[in-house]
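Report on the following structure.
Numbering (mature numbering (1 follows the signal peptide of the UniProt record, and there is no 0)), first residue to last: -22 to -1, 1 to 403.
So this is what it looks like as structure tokens:
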């Protein structure tokens, strides 16, 4: 080919290449539809299902009305904070994941209480695979704010970002922290964020479920969730978020005339106690098993006791080695306490407060579930379900394999939008 023709052909090719490049979007910009959604899981500790619709929670009521809402969500037994928060993120009942109470005894590890940061941060306590571990193992970034279990390296894995629990950490700063995570560039933004609010539960314990203090905390937490939702919804497709709001249990009123002394059930020389409150575990002293069973087993007024293997089947509880040999459950609103604490409360003219840890079937123990976002259908109501069914949904939304769990994927399968958004990695 003559040289002028070669040069002309080369020039034509160059023009075609430059034209093609100019027609492409810049590599730094990403189509909004291609941005993976963040899953934001929010827990409001102690938010009883019937707290909604009282005119105190306009933002949560709107979320429930416009998105997905369960009639209620049934806690796992025992209806306590640590067991149920860990059930929500593992899909395992407490009898299977090992956080069998807020206070636990283990022959090897010793004693677990929520205020002991060393125990809480020891991954050996936490069985199963929490959702952030599965996500991290799948190459997804996660961030947790105060969720029980997230301070420990479970299976040697921690969330990409986490904070040690601080009860005094202001509500506004919790919201600000989540916003900072959401503000990260899409490639660095966590695919899973968990957020925990304890204010409603604390007010319920101190003042009772129907107190003005609980009403005020409900307003404050509701406003915080509303602020977060408005923030990411205003960004539209540039910041897609699938929001799930849950609680761990409800709350019921307690009073000074509904307390049973531990010593009246079994004296210290017969059995040790793991804890006090609504569910109390007794460990017979060596050589005192028969005597302890004679004293404890059966109904004692407002308290009923069983060998752990004989507990009601509906509670799915009693096989884990951390559960005490004999378990006593108080009736709704009753407390099982040491005589010294009962005397102290009477001396200080204690007027009562609130508690949970009772039969999960009680209306006062009912929790909430609601969801909204691009992955969910709108204006959907679902029947009540067990909280073990939340974990399979979380795994599906993240597009990761679910670890072994006690939940049923089909329970919440119908709330997913059709066609289902394809998870992005």
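Built from N, CA and C at the ideal position, the CB exists for glycine as well.
Predicted model only: the values in this text are computed from it and were never measured.
* In chain order, which alpha helix (DSSP H) runs of at least 4 residues are fully inside the stretch 187 to 225? -> Qualifying alpha helix (DSSP H) stretches, in chain order: 190 to 213.
* Put residue 235 into one of helix, strand or coil per three-state DSSP. => Numbered from 1 along the chain shown, position 257 holds the residue referred to as residue 235. Assignment of residue 235 by DSSP, reduced to helix, strand and coil, places it in the coil class.
* Helix, strand or coil: how does DSSP classify residue 60 here? -> Sequence index remark: in the chain shown, residue 60 carries index 82 (1-based). Note: residue 60 maps to helix in three-state DSSP.
* Asked: Between residue 129 and residue 98, is the Cβ-Cβ spacing less than 8 Å?
  -> Here residue 129 refers to the residue found at position 151 of the chain shown. Here residue 98 refers to the residue found at position 120 of the chain shown. A Cβ-Cβ contact shorter than 8 Å links residue 129 with residue 98.
* **Reduced DSSP category for residue 408 - H, G, I as helix; E, B as strand; rest coil** => Because the chain in this structure spans residues -22 to 403, residue 408 falls outside the shown range and cannot be described.
* First and last residue of the uninterrupted beta strand (DSSP E) at residue 315 -> Along the chain shown, one-based indexing puts residue 315 at 337. Here the beta strand (DSSP E) through residue 315 covers 313 to 315.
* How about residue 152 and residue 138: do their beta carbons lie closer than 8 Å? -> For this step, residue 152 is matched to residue 174 along the chain shown. For this step, residue 138 is matched to residue 160 along the chain shown. Residue 138 sits away from residue 152, with the two beta carbons spaced by 8 Å or more.
* **Assigned secondary structure, residue 51 (DSSP; H/G/I helix, E/B strand, else coil)** => Working through the chain shown from its first residue, we reach residue 51 at position 73. In the structure shown, residue 51 sits in a strand (DSSP, three-state: E or B).
* Residue environment, residue 271, which counts as buried when at least 16 other CB atoms sit within 10 Å -> Working through the chain shown from its first residue, we reach residue 271 at position 293. By the neighbour-count rule (16 or more Cβ atoms within 10 Å), residue 271 is buried.
* Asked: Helix, strand or coil for residue 389 per DSSP?
  -> Residue 389 sits at position 411 when you count from the first residue of the chain shown. In this structure, residue 389 counts as helix in the three-state DSSP scheme.
* Kindly identify the DSSP beta-bridge partner or partners of residue 250. => Here residue 250 corresponds to residue number 272 of the chain shown, with the count starting at 1. Residue pairing for residue 250: DSSP places it in a beta bridge opposite 261.
* Near residue 31, what residues of its chain come up, given a Cβ to Cβ distance below 7 Å and the 5 sequence neighbours on each side ignored? -> For the purposes of this step, residue 31 is taken as residue 53 along the chain shown, with counting starting at 1. Non-local C-beta neighbours of residue 31 in its own chain, meaning closer than 7 Å and more than five positions away in sequence, comprise 39, ordered along the chain.
* To do: Go to residue 377, then tell me how far its alpha helix (DSSP H) extends in each direction, as first and last residue.
  => Mapped onto the chain shown, residue 377 falls at position 399. Taken as a continuous stretch (DSSP letters only), residue 377 belongs to no alpha helix (DSSP H), as it is neither H nor E.
* Given residue 123 as reference, the closest of 105, 90, 107 and 157 once Cα atoms are compared -> Numbered from 1 along the chain shown, position 145 holds the residue referred to as residue 123. Checked all of 105, 90, 107 and 157; the closest Cα to residue 123 is 157.
* DSSP beta-bridge partners of residue 21 -> Stepping through the chain shown from its first residue, residue 21 is reached at position 43. Partner(s): 174 and 224.
* Along the chain, where does the alpha helix (DSSP H) that runs through residue 98 open and close? -> Taking the chain shown and counting its residues from 1, the one referred to as residue 98 is at position 120. Residues 95 to 98.
* **For residue 222, the nearest candidate out of 141, 24, 26 and 42 (CA to CA)** => For the purposes of this step, residue 222 is taken as the residue at position 244 of the chain shown. When each option's Cα is compared against that of residue 222, the closest is 42.
* Asked: Distance, Cα to Cα, residue 382 vs residue 329?
  -> To locate residue 382, count along the chain shown from 1; it is residue 404. To locate residue 329, count along the chain shown from 1; it is residue 351. So the two alpha carbons sit approximately 45 Å from each other.
* Is the Cβ-Cβ distance between residue 308 and residue 286 less than 8 Å? -> Numbered from 1 along the chain shown, position 330 holds the residue referred to as residue 308. Numbered from 1 along the chain shown, position 308 holds the residue referred to as residue 286. It is not a contact, given that the beta carbons lie outside the stated cut-off.
* Asked: So does the stretch 231 to 250 actually touch the stretch 309 to 326, counting three or more Cβ pairs closer than 8 Å?
  -> Verdict: yes, contact present.
* Selection from 175, 71, 356 and 79 that minimises the alpha carbon distance to residue 195 -> Along the chain shown, read from residue 1 onward, the residue named residue 195 stands at position 217. Nearest C-alpha to residue 195: 175.
* On the three-pair Cβ rule with 8 Å, is the stretch 274 to 292 touching the stretch 200 to 219? -> No: the two stretches stay apart, fewer than three of their Cβ pairs being nearer than 8 Å.
* Closer than 6 Å by C-beta to residue 115: which residues in its own chain qualify, once you throw out the five before and the five after it? Chain order, please. => As a first step, residue 115 must be located in the chain shown, where it is residue number 137. Excluding positions up to five away in sequence, the list is empty.
* Asked: Relative to the alpha-carbon of residue 236, which residue among 289, 332 and 163 has its alpha-carbon at the smallest distance?
  -> As a working note, residue 236 is residue 258 in the chain shown. Check the Cα spacing between residue 236 and each of 289, 332 and 163: the tightest is with 332.
* May I have the straight-line CA-CA distance separating residue 312 from residue 86, to the nearest angstrom? => For the purposes of this step, residue 312 is taken as the residue at position 334 of the chain shown. For the purposes of this step, residue 86 is taken as the residue at position 108 of the chain shown. As the crow flies, the alpha-carbon of residue 312 is around 32 Å from that of residue 86.
* Start-to-end residues for the alpha helix (DSSP H) that takes in residue 73 -> The residue labelled residue 73 in the question sits at position 95 within the chain shown. For residue 73, the uninterrupted alpha helix (DSSP H) run begins and ends at 72 to 75, by DSSP.
* Asked: Can you tell me the Cα-Cα spacing of residue 80 and residue 12, whole angstroms?
  -> On the chain shown, residue 80 is found 102 positions in, with the first residue counted as 1. On the chain shown, residue 12 is found 34 positions in, with the first residue counted as 1. If you take the alpha carbons of residue 80 and residue 12, they lie about 42 Å apart.
* Asked: What's the call for residue 184, buried or exposed, on a 16-neighbour Cβ count within 10 Å?
  -> The sequence position of residue 184 within the chain shown is 206, counting from 1. Residue 184 comes out exposed.
* When DSSP builds the beta bridges, which residues end up paired with residue 87? -> Counted from its first residue, the chain shown places residue 87 at position 109. Answer is none; residue 87 lacks a bridge partner.
* residue 356 by DSSP, collapsed to three states: which one? -> As a first step, residue 356 is located in the chain shown; it is residue number 378 there, counting from the start. DSSP places residue 356 in coil when its eight states are reduced to three.
* **Chain-order list of residues whose beta-carbon lies under 6 Å from that of residue 82 (same chain, five-residue window excluded)** => Indexing the chain shown from 1 puts residue 82 at position 104. The answer, listed in chain order, is 90 and 300.
* Three or more beta-carbon pairs under 8 Å between the stretch 260 to 279 and the stretch 345 to 363, yes or no? -> Short answer: they don't touch.
* Asked: What residues are listed by DSSP as bridge partners for residue 158?
  -> By one-based count along the chain shown, residue 158 stands at place 180. DSSP lists no partner for residue 158.
* Asked: Between residue 232 and the rest of its own chain, which residues show a CB-CB distance below 7 Å, the 5 nearest in sequence each way excluded?
  -> As a position in the chain shown, residue 232 is number 254, starting the count at 1. The beta carbon of residue 232 is closer than 7 Å to those of 311, 313, 330, 331, 332 and 333 in its chain, skipping five residues each way along the sequence.
* Excluding sequence positions up to five away, which residues of its chain have a Cβ less than 6 Å from the Cβ of residue 391? -> The count along the chain shown starts at 1 and reaches residue 391 at position 413. Excluding residues up to 5 positions away in sequence, nothing lies with its Cβ nearer than 6 Å to the Cβ of residue 391 in the same chain.
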